[in-house]
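In UniProt numbering, the protein residues as written are 1 to 112.
Here the structure comes first, spelled out in structure tokens, and everything after it is commentary.
Structure, rendered in structure tokens:
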């Protein structure tokens, strides 16, 4: 079977969902996206937001299969929380890290 994968990046917003999708990567089980997204948000708002990343297997004519996800924000734990803190401390700089995807949809465990 042919793998077709994409990922979603979004910052949940009660009034307006800010969502970006990567291009679909075809014919690989190990896609690399290497895409950048920019959100218009003040630095003070950023500290209270959560960035949710989800990865999906795209199936034409069928439901897409959830592969995994990760949430970065003040409700994160461990390495993801440390990454978020490092991002806040390094305003305007890239802070790149690898994260293991979990099989839980991001946001399903976040407190409102």
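Cβ atoms here follow ideal geometry from the backbone N, Cα and C, with glycine treated the same way.
Alpha carbon of residue 54 to alpha carbon of residue 68, nearest angstrom: Approximately 6 Å, taken between the alpha carbons.
Separation of residue 100 from residue 24, as counted between CA atoms: Roughly 20 Å between the two C-alpha positions.
Could you check whether the Cβ of residue 53 sits closer than 7 Å to any heavy atom belonging to the ligand MN? Here there are no bound small molecules, and the ligand MN is not part of this structure.
In the stretch 8-72, which residue ranges form an unbroken beta strand (DSSP E) of at least 3 residues, counting only runs that do not cross its ends? 18-21, 50-57
Roughly how many angstroms separate the alpha carbons of residue 97 and residue 83, rounded to a whole number? 7 Å
Within 8 Å, strictly: CB atoms of residue 88 and residue 47: For residue 88 and residue 47, yes; Cβs fall inside 8 Å.
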